[in-house]
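Accompanying notes for the structure given below.
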Amino acid sequence: MKKLRVLISANLLLALIFSLLCLSFHADVSVLAFPLSLIFTLLLAYVSFFLLLKSDNAKHIDTVRRFFQYEPFVFIAAFVIQRAGKFALPRFIDIVSSVVWVIVMLSSFVILFFLGEKRVYACNEKWMKYHQDFPKAKSVGLKRVGIELLEWLDALVQAVFTIVLLNIFVFQLYEIPSESMVSTFLIGDRVAVMKTLAGPKFPLTDVGLPYVQEYERGDVVVFRNPHYASDRKNEVKTFLSQFVYMITLTLVKTNTDENGRLKADPLVKRVVGEPGEQLLMMDGNLYARTKDSAFTLVAEDSDWAVWNLNGLPRAIKQKVKDIPFTQEIWDECLRTEEERRSLDLVSAKLECRALTERFMELAGKTGDGNVPASLFSGDDLFAFNMFRKIDDFTYRLMTVDGGDAWFEHYMNDWYDGMENLSSYRENQIVTGPHLVGGDLYTDSRFRLNLMSKLLFGRLVVRNLEMIDEHIESSKWGSDVKRMDFLDAAQRLVTYIALLDQRNMGLFPANDDNGNPSFIPENCYFMMGDNRYNSLDMRHSYEQVLEPLYAGDPYSVQYLTNLAPQYVNRSRILGKASLRIWPLNRFGKPGRKNQQNK
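Residue numbers (this note's numbering): 117 to 713.
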């Protein structure tokens with residue numbers, strides 16, 4: 117009895133301290149935290165200390181037991197309400213409140229142990245006598261129905277709060293919303309994420325358990341999406357939506373952006389870059405280097421990266437909703453990469469000069485004069501538009517004053533300042549003076565820009581040849597040579613449109629002096645396994661038009677959303693430890709995809 121009295125007294129003192137920590141002087145929702153916790157504390161003191169301990173009245177044991185069952189839940193609710201206001205609390209308050217809540221929770225568990233049906237009556241002779249004299253009688257009729265309904269409601273409320281606490285600190289279920297991790301995960305798969313070792317935080321604070329979990333390349337992790345703002349308003353909204361998501365076991369999603377679209381938050385991706393590394397991806401091959409080593413191929417990345425979904429096993433492929441392209445387009449992608457690698461810059465320069473001379477001959481121009489500023493816009497030089505409007509552009513170049521000068525610059529300015537073109541060759545060495553721009557990715561964009569110019573020049577000249585031969589434009593579509601050029605242009609434009617799904621420049625980028633930068637300590641880089649259908653840490657959510665090669669003032673333009681960023685460990689919620697649904701795919705996510713087995 118003495119132990120129970122001491123425990124309850126200590127618990128009530130801590131509850132009062134916690135209530136005082138909930139004081140808020142702001143005119144927002146946070147002001148409700150203090151009265152909620154204080155009123156509950158006073159009621160708890162009344163039923164436990166005055167009705168039970170002081171009066172030795174055993175008939176209040178069930179009521180006291182119920183209050184202590186709810187104590188952690190009421191106080192965590194007050195904790196959240198106080199932090200749902202407009203203003204952040206000092207970190208010291210967050211720390212002290214968190215520690216006090218944990219002690220209150222543990223002490224309530226101990227008190228509930230002593231208040232258990234098998235132990236509580238042994239604490240006090242009067243309680244034992246009351247228990248013997250007034251055994252619990254079963255209710256009947258409407259009273260029994262009412263009591264059972266209340267018990268069911270009580271069990272439901274406690275279950276909800278228990279699920280929330282487990283989800284915050286122990287494990288959580290997530291539903292896979294997209295196909296970015298095919299075939300490791302399909303849409304609708306549910307995965308369990310263990311959080312305890314990943315340093316889970318108290319809601320709306322950065323206070324929590326210490327980080328114990330370490331991550332390495334190949335781990336599948338769940339993390340907060342850094343693309344979204346993390347201000348207080350958004351964090352409160354995210355927590356409330358996560359609360360609904362938790363208690364409905366992933367069935368209800370309410371976390372939307374300002375346009376009403378569901379947020380892709382959190383994300384499920386795979387760790388592919390570790391602290392201390394600089395990365396580069398070219399033609400689907402991932403390379404990494406550290407301050408102590410040169411770039412080497414990350415061979416294991418091919419175990420999980422899926423590029424061509426057409427190669428998936430039939431049973432998996434039937435469940436995939438979006439296959440970005442056909443086997444034919446994939447083969448053309450590989451063909452384009454081979455053409456880019458084998459492009460001879462010396463021959464390309466000679467052809468550019470020859471096309472320019474042929475243009476001047478057919479158009480009766482000299483190439484002298486000024487280039488009109490408004491001849492072509494950046495949108496006109498967008499790779500797709502260049503070839504879609506090739507006939508219009510041909511007439512414009514031929515008829516507008518300065519069109520010949522523009523063609524001269526467009527076809528030839530790319531090699532200005534470049535000496536010994538034969539020295540530029542792609543090979544397995546990722547960086548160096550043998551590559552335009554110093555690295556494989558920049559060099560590849562330079563070559564794709566040049567390939568686009570060559571096709572553009574060939575088409576313009578072919579159009580002029582047919583004009584010179586008095587062939588009607590309605591018959592141009594049957595010209596075999598012209599159609600071959602257009603087919604090649606379509607293949608190239610398709611590849612350029614997918615360029616930054618398949619490739620990535622130096623990340624982190626070199627500094628202004630050209631020195632390599634590296635992923636900082638406790639930070640990681642993630643990508644989805646389904647590389648052509650994954651908005652991950654390679655990309656932003658907005659596309660911009662930019663030159664394929666920045667060193668060419670007449671560069672072809674393309675749309676890109678490449679904006680790689682790493683993720684701090686503090687945003688990682690944990691590893692995707694177990695796929696629990698559907699049952700026929702139950703198991704631990706592997707480090708190899710179905711396509712690669």
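In this text, a Cβ means the ideal position worked out from N, Cα and C, and glycines have one as well.
Note that the structure is predicted; figures quoted are calculated from it, not measured.
Legend entry - Selected residue, minimal CA-CA separation from residue 469, among 422, 159, 525: 525
Legend entry - With 16 other Cβ atoms within 10 Å as the buried cut-off, status of residue 593: exposed
Inset, instruction - With residue 525 as the anchor, note down where its beta strand (DSSP E) starts and where it stops. - result: Run containing residue 525: none in the beta strand (DSSP E); it sits in the alpha helix (DSSP H), 519-528.
Legend entry - Among 456, 283, 678, the one whose alpha carbon lies nearest that of residue 607: 456
Legend entry - 6 angstroms Cβ shell around residue 648 - same chain, five flanking residues per side excluded: 440, 617
Legend entry - Cα-Cα separation between residue 281 and residue 158, rounded to whole angstroms: 24 angstroms
Legend entry - Where residue 353 falls: helix, strand or coil (DSSP): helix
Legend entry - Continuous alpha helix (DSSP H) stretch holding residue 640: start and end: No alpha helix (DSSP H) contains residue 640, which is instead part of the beta strand (DSSP E) from 639-643.
Inset, instruction - Can you check the region 380-460 for any alpha helix (DSSP H) of at least 4 residues that lies completely inside it and give the ranges in chain order? - result: 417-420, 430-433, 443-458
Inset, instruction - List the residues that DSSP assigns as beta-bridge partners of residue 703. - result: 695
Legend entry - Assigned exposure category for residue 550 - 16 Cβ within 10 Å defines buried: exposed
Inset, instruction - Under the assumption that residue 506 contacts residue 566 (Cβ atoms under 8 angstroms), give the Cβ distance between them as a whole number of angstroms. - result: That belief does not hold up - the Cβ atoms of residue 506 and residue 566 are roughly 18 angstroms apart, past 8 angstroms.
Legend entry - Start and end residues, beta strand (DSSP E) containing residue 482: Taken as a continuous stretch (DSSP letters only), residue 482 belongs to no beta strand (DSSP E), as it is neither H nor E.
Inset, instruction - Under 8 angstroms Cβ to Cβ from residue 613, same chain only, skipping five residues before and after it: list those, please. - result: 499, 500, 674, 675
Inset, instruction - Could you spell out where the beta strand (DSSP E) holding residue 621 opens and where it closes? - result: 620-623
Inset, instruction - Determine contact between the region 655-672 and the region 294-305, defined as no fewer than three beta-carbon pairs at a distance below 8 angstroms. - result: no
Legend entry - Cut-off 7 angstroms between Cβ atoms - residues of its own chain near residue 684, not counting five sequence neighbours on either side: 638, 639
Inset, instruction - Rank 590, 194, 146, 380 by C-alpha distance to the C-alpha of residue 216 and give the top, closest one. - result: 194
Legend entry - Residues that residue 290 bridges to, as DSSP identifies them: 307
Inset, instruction - Under 6 angstroms Cβ to Cβ from residue 542, same chain only, skipping five residues before and after it: list those, please. - result: 457
Inset, instruction - Determine the direct distance from the alpha carbon of residue 452 to that of residue 430, and round the result to whole angstroms. - result: 28 angstroms
Inset, instruction - List the endpoints of the continuous beta strand (DSSP E) containing residue 659. - result: 655-663
Inset, instruction - Determine the DSSP secondary structure at residue 491, reduced to helix, strand or coil. - result: coil
Legend entry - Range covered by the alpha helix (DSSP H) that runs through residue 127: 118-137
Legend entry - residue 175 versus 233, 642, 522, residue with shortest Cα-Cα distance: 233
Inset, instruction - Have a look at the DSSP bridge pairing and note the partners of residue 317. - result: 324
Legend entry - Range of the contiguous beta strand (DSSP E) that encloses residue 675: 673-678
Inset, instruction - With residue 229 as the anchor, note down where its alpha helix (DSSP H) starts and where it stops. - result: 207-230
Legend entry - For residue 688, the three-state DSSP class (helix, strand or coil): strand
Inset, instruction - Look up residue 190 in the DSSP assignment and say whether it is helix, strand or coil. - result: helix
Inset, instruction - Would you check if the region 298-312 and the region 269-288 touch, i.e. whether three or more CB-CB distances between them fall below 8 angstroms? - result: yes
Legend entry - Among 209, 646, 571, 153, nearest to residue 426 - alpha-carbon criterion: 646
Inset, instruction - Please go through the same chain and pick out, in chain order, the residues whose beta-carbon is closer than 8 angstroms to the beta-carbon of residue 382, but skip the five residues on each side of it. - result: 290, 338, 339, 340, 341, 689
Inset, instruction - Report yes or no: do three or more beta-carbon pairs, one from the region 366-373 and one from the region 411-421, lie closer than 8 angstroms? - result: no
Legend entry - Pick from 589, 586, 664 that is closest to residue 109, judged by C-alpha positions: In this structure the chain extends from 117 to 713, so residue 109 is not present and cannot be described.
Inset, instruction - Just confirm the distance between the C-beta atoms of residue 395 and residue 623, as a whole number of angstroms; I'd bet it's less than 8 angstroms. - result: 5 angstroms
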